[in-house]
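Below is one structure, written out as structure tokens; comments come after it.
4 protein chains.
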Amino acid sequence: MINVGVLGATGAVGQRFVELLADHPWFNLSMLAASERSAGQPYGKIVNWRLDTPFPEKIAKLKVTPISPKAMKDIDLVFSALPADIASDVENEFADAGIAVCSNASSHRMDPSVPLVIPEVNPDHLGLIDVQRDSGRDGFIVTNPNCSTIMMVTALAPLSKFKFTDVRVATMQAISGAGFAGVAAMAIYDNVIPYIGQEEEKMETETLKIMGTLKGNTVANAKFNVSASCHRVAVIDGHTMAVWVDIKEPVEKLRNAFRDYKPPIKGLPTQPEESVHFFDEEKDRPQPRLDRMRGKGMTVSVGRLRPGVRFVAMGHNTIRGAAGASVLNAELITKKKYL
Amino acid sequence: MINVGVLGATGAVGQRFVELLADHPWFNLSMLAASERSAGQPYGKIVNWRLDTPFPEKIAKLKVTPISPKAMKDIDLVFSALPADIASDVENEFADAGIAVCSNASSHRMDPSVPLVIPEVNPDHLGLIDVQRDSGRDGFIVTNPNCSTIMMVTALAPLSKFKFTDVRVATMQAISGAGFAGVAAMAIYDNVIPYIGQEEEKMETETLKIMGTLKGNTVANAKFNVSASCHRVAVIDGHTMAVWVDIKEPVEKLRNAFRDYKPPIKGLPTQPEESVHFFDEEKDRPQPRLDRMRGKGMTVSVGRLRPGVRFVAMGHNTIRGAAGASVLNAELITKKKYL
Amino acid sequence: MINVGVLGATGAVGQRFVELLADHPWFNLSMLAASERSAGQPYGKIVNWRLDTPFPEKIAKLKVTPISPKAMKDIDLVFSALPADIASDVENEFADAGIAVCSNASSHRMDPSVPLVIPEVNPDHLGLIDVQRDSGRDGFIVTNPNCSTIMMVTALAPLSKFKFTDVRVATMQAISGAGFAGVAAMAIYDNVIPYIGQEEEKMETETLKIMGTLKGNTVANAKFNVSASCHRVAVIDGHTMAVWVDIKEPVEKLRNAFRDYKPPIKGLPTQPEESVHFFDEEKDRPQPRLDRMRGKGMTVSVGRLRPGVRFVAMGHNTIRGAAGASVLNAELITKKKYL
Amino acid sequence: MINVGVLGATGAVGQRFVELLADHPWFNLSMLAASERSAGQPYGKIVNWRLDTPFPEKIAKLKVTPISPKAMKDIDLVFSALPADIASDVENEFADAGIAVCSNASSHRMDPSVPLVIPEVNPDHLGLIDVQRDSGRDGFIVTNPNCSTIMMVTALAPLSKFKFTDVRVATMQAISGAGFAGVAAMAIYDNVIPYIGQEEEKMETETLKIMGTLKGNTVANAKFNVSASCHRVAVIDGHTMAVWVDIKEPVEKLRNAFRDYKPPIKGLPTQPEESVHFFDEEKDRPQPRLDRMRGKGMTVSVGRLRPGVRFVAMGHNTIRGAAGASVLNAELITKKKYL
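Below, the structure is given as structure tokens:
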């Protein structure tokens, strides 16, 4: 068992980390770090548990520690659910202190020496870990993409063998993506908000790095264009998106690619039976409320494949799109013996 | 004053017709037709008024008539809020009986001799009325497009002088578009439904007719391609849509086109001060709850113009997108002296 | 293992039965009955699975049978999720044919010889089964109360030792209580509907039977008054209710009663660890979204106990309040060896 | 015309004040006060207008002033939409400076010399203004009750001639009651929150003062008991409540009292045609989405009168329950020549 901790354990993504790690077969959740004022208190006292799954009682008495490598004892790996503005420095500190960091924060995603990984898509990008180590650091940072990007790129994975130059995507994103208090009820109820700060930029840049090619010490970006339009809708969990990709092959070939898709990795505990579920015949799926928990929230669902080429993709934004993505990365790192 | 009636006066669109016509300066609402079992009863007794505006009491005592030209007395024009399956024959009957029909139903939209009109976009298509009359019919049928199509085409109007070949649109449509009982709460709450029957087909075909050119007795379709992805979201009124159009001109030129847009017609009572409202600086508009009632529900709002070229359009689906569209057509017909 | 079937297996409550019975330790789900037109087809083909838990694949190939005792082979017990209007006769037919019927329908609840049971409250009322048998019938009918009644009465159970004469209850009920298509989105969105047909009457009469006393062959109703005001709110699952009960004892004594409550039965597979969860300190609980799945949907949560005496109760209406209630009754019947 | 100002003009209630006062026949809105950092800027620049009615353009250029009597010039009366914590001192300052203050804040409601008024219920309580003046202050403070209290007390007004000792009320309150950012979407979506800070206390104490009797210099509280249970539901505007009142008279007498109710005052511009609308026959009304805008948001609707005695009341919480209540008070003050 590998001892792991969570940085920022009380927020929306932090609670998802705790939920996913409380009974993990490889990881022993033994450290929960949060803001100074919570430090020293039992997690069960200070967390305002907002998930609809039962609070994992075995974690209740774990004392919360400050967010500092000095507070860690015997911890090999931390998961970061920190906000971007403080994640940048803190994650560097932990990596410099010899700890592996699997981060959901955006701060280091585009750093040339930091892998931006979806295990089913670009597991080989973990090779950048060696670049970080060669620079003299004992630990390392591995990041997962933005939630919307994860759904889109995982949905595109079965199509990556076809040629295309343009991807257009219109998202309908859940309110949980902004954290527990991120969206006021008065703002989103009976409404659509056609703007999410920095979201379109993230989808347009992160996608090219993930789908790029690791050559030597760097990733060469993929050579296509992404144009995103991001919208918030009144859904609790689950990002839905309409995707256009200009593949010229007949739709039937793409249909087969979805049907036959097998991801290049397997055997990771958090990996679902189907990384991509393809709704071949149903005309009105995927739907967030009905499909977001498929594969315990780790399956990305795709449906409505039509000429154009158009399809609809959907996945759970705080599981597959955040905490689950980081945990899956940590499992890949463990399996590939980077620890 | 022109005496007008409403066919299908009790449903979601029918009630909007009544709301818009109760105090109309040109039209005297003197006939309300509904199903056989309501016939003979006062409208105020049988309607289950579901709008949040006060019920127009002056209409309450009007006796409901059956849906038949024989029941009409001194009626020059009827508005049709009938369901598509019965609208086809009924509207022909009325037109054959010498009555002008302004229809929101889809049945006759694509008939070669029936105008499919948005007054601000293709007022000259009313010329097809003469084609209908030449065929020996005393009355005529004029249709307005599907609700989503109206929003998109009205939003594209300021850009129609630029060249483009491809329009892609992802809609986020309100539940009122399916009628009062059309969407179950269990189906849409905390959810997105990525499918609306026939909606994508309507957007893809109607657009080309509206933006086509009247030559002699026929409309030559516009020469571009529309690719739509239609989704239902948990919004009561107001269809929002992300639009891509492949105009190569710099965005600044398009921005000016929106700023300077003046529709080719004016002076119609139901026409709003701004047919298209352009959010030039606000980064998170239009939003359905805040903007759908702009121009009493008749203004289409556009915002977030970005390279790509991308923008977001939004309008009230049962006013500008249905009843208001038909009333505006009737006003144009009146002004152009087709009655 | 006891072979069981479900009558009305495709609706909202029917699907909950299937979910609860697919892996039941005592019951073998071997028969699914639905309307004539579905008969003969595999359940997986004809059901439109609307729950957010995965469809139980082992049930997919089970052929649907018509709703008739003749179609049953080797079935000892059926669960009825039939609508009240057809349940009355059908359930009698099954009971007359020697089959035990655990019904969620309202038809027979108030029949003098039919037990209306919540296992934690009045398990002894099962004694009425003998009355049915004495009348010459081989099988029997056992019913569970209306969903709102179950929550209120289960919440009152810990207080049943105190004297009171008046209970007042204002409910805030979930849309799933009306079935998948029972409430239109246009009706409930951004709204409260202060009326649910027959709901107040059910709460006011059923409560007195459940909390009454079995004497010989009949149940003597409890001697207090219930006054209900029932409202539908925009919640998917989970009925919340504000309850007043005129107990004169100090609130602290009631608080202890909730803290110390132990139900009179135990060891039933579907019974939760806590039949009643008492929020002693939290000031803003229970809440349907956070608490409805407590005890796998079988726990009734109580909070905000205040002088008055007032409290708030909440439970999952289609699990504890419907399918789970019937399954729990069937387990009690099995344990008490009535089969 | 009387020159008036608004203190706290940018929040949810502040914007409602601006909406109601922009075209008021008696009041000239000539001052808008907000926090220091907004001072000096045009209102149109700094307000984030969140109402779905058009922004009143005539107010756009009005320069925002600091919240201080010194900033007032020629202002006779101010409306206070300040938060309770700062309202207390600020309102005293204004009153001491000779300005009439109509406050929606809770700070001074229970002060013995401050009238707590609903014009239709206790207009004579304005007599307390003389008590304030006798204490040497040039201006004065008049308050309106908490939003839920206003709905309940206005609904009880037609019944005030009957004897009763106990009122019980369960509220289902709208999210706008907490201000634009007061309730997170993650907190209330698909949920009920059975707690609103201080709301029950306000209903239980304010009611007795409003329905009390002015004798000499003080108000003697009414002699009955109020027991409230307050809940937040997913409704944008409109507080709904189930009320029990132990009147022993036959329901038919109460029904007549509602039918025949005429409030003791009339002729105030903001007073609706019906202060209380009684749904006599409709079985499922009032409903917030359909009925909150009745009387431009100033009518309280009552329905479902049943033995018990039980009924349901509903009104618009930020119009009748807040800004409109203060404006109505100011109109009464004006009419009664207290200015």
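These protein sequence lines are chains S, U, R and V, in that order. Every position in the first sequence, counted from 1, becomes a number in this note's numbering once 99 is added. Every position in the second sequence, counted from 1, becomes a number in this note's numbering once 99 is added. Every position in the third sequence, counted from 1, becomes a number in this note's numbering once 99 is added. Every position in the fourth sequence, counted from 1, becomes a number in this note's numbering once 99 is added. Glycine included, every Cβ here is placed at the ideal spot set by N, Cα and C. Keep in mind it's a predicted model, so treat the numbers as computed, not measured.
Closer than 8 angstroms by beta-carbon distance: list the chain U residues that pair up with residue i, in chain order.
i	result
Ile335 of chain R	Met285, Tyr288 and Asp289
For residue i, return the contacting residues in chain R, with the cut-off set at a CB-CB distance below 7 angstroms.
i	result
Arg115 of chain U	Neighbours of Arg115 of chain U on chain R: none; closest Cβ ~13 angstroms, over 7 angstroms.
Using the three-state DSSP reduction, which class does residue i fall into: helix, strand or coil?
i	result
Ala159 of chain V	coil
Gly197 of chain S	coil
Met324 of chain R	According to the sequence as given, residue 324 of chain R is Asn; it is not Met. DSSP places Asn324 of chain R in strand when its eight states are reduced to three.
Ala319 of chain U	strand
Met285 of chain S	helix
Phe357 of chain R	helix
Phe261 of chain R	coil
Asn102 of chain U	strand
Leu389 of chain U	helix
Val411 of chain S	strand
Asn191 of chain V	helix
Ala183 of chain S	helix
His207 of chain V	coil
Ser137 of chain V	helix
Phe154 of chain S	coil
Arg89 of chain U	The structure shown does not extend to residue 89 of chain U, since chain U is modelled only from 100 through 438, so no value can be given for it.
Arg419 of chain U	helix
Ser275 of chain U	helix
Quick check on the DSSP output: the alpha helix (DSSP H) that includes residue i runs from which residue to which?
i	result
Ile304 of chain R	In the sequence on display, residue 304 of chain R carries Thr and not Ile. Its alpha helix (DSSP H) spans residues Glu298 to Ile309.
Ala254 of chain R	Cys246 to Leu255
Asp122 of chain V	Element bounds for Asp122 of chain V: n/a, residue is neither H nor E.
Thr433 of chain R	Gly423 to Lys434
Gly143 of chain U	Tyr142 to Ile145
Just to make sure I have the definition right: I need the residues of chain S whose C-beta is within less than 9 angstroms of the C-beta of residue i. Which are they?
i	result
Arg149 of chain V	Met285 and Ala286
From which residue to which residue does the beta strand (DSSP E) around residue i run?
i	result
Met340 of chain V	His338 to Val344
Lys314 of chain S	Thr312 to Lys314
Val230 of chain R	Looking at the DSSP string, Val230 of chain R is not in any beta strand (DSSP E); the run it does join, the alpha helix (DSSP H), is Leu227 to Asp233.
Phe377 of chain S	Val375 to Phe378
Leu404 of chain U	Val399 to Arg405
Ile217 of chain V	From DSSP, Ile217 of chain V is part of no beta strand (DSSP E); its letter is neither H nor E.
Val241 of chain U	Phe239 to Thr242
Taking residue i as the query, report the chain U residues whose CB atoms sit under 7 angstroms from its CB, ordered along the chain.
i	result
His224 of chain S	By Cβ distance, chain U contributes nothing, its closest Cβ being about 28 angstroms from His224 of chain S, past 7 angstroms.
Cβ closer than 8 angstroms: which chain R residues qualify as neighbours of residue i?
i	result
Lys445 of chain V	As shown, chain V starts at 100 and ends at 438. That puts residue 445 of chain V outside it, with no answer to give.
Show which residues of chain V have a CB atom less than 8 angstroms away from the CB atom of residue i.
i	result
Arg388 of chain R	Tyr288, Asp289 and Asn290
Quick one: which chain V residues come within Cβ less than 7 angstroms of residue i?
i	result
Met392 of chain U	Asp151
Find the residues of chain U that neighbour residue i, judging by a C-beta separation of less than 9 angstroms, and give them in chain order.
i	result
Pro111 of chain S	At residue 111 of chain S the sequence reads Ala, which differs from the Pro that was named. None at all; the shortest Cβ gap to chain U is about 16 angstroms.
Which chain V residues sit within Cβ distance under 9 angstroms of residue i?
i	result
Trp343 of chain R	Arg267, Ala269, Ser326, Ser328 and Trp343
Should residue i be flagged as near chain B, meaning a C-beta pair shorter than 8 angstroms?
i	result
Lys361 of chain S	No chain B is present in this structure, whose protein chains are S, U, R and V.
Where the region 258 to 291 of chain R meets chain S: residues whose CB sits under 9 angstroms from a CB there: Tyr288 and Asp289
Below 9 angstroms between beta carbons is the criterion; list the residues of the region 398 to 428 of chain S that meet it against any residue of chain U, in chain order. Gly402, Arg403, Arg405, Pro406, Gly407, Arg409, Phe410, Val411 and Met413
Contacting positions in the region 307 to 339 of chain U - beta carbon closer than 7 angstroms to chain S: Ser326, Ser328, His330, Val332, Ala333, Val334, Ile335 and Thr339
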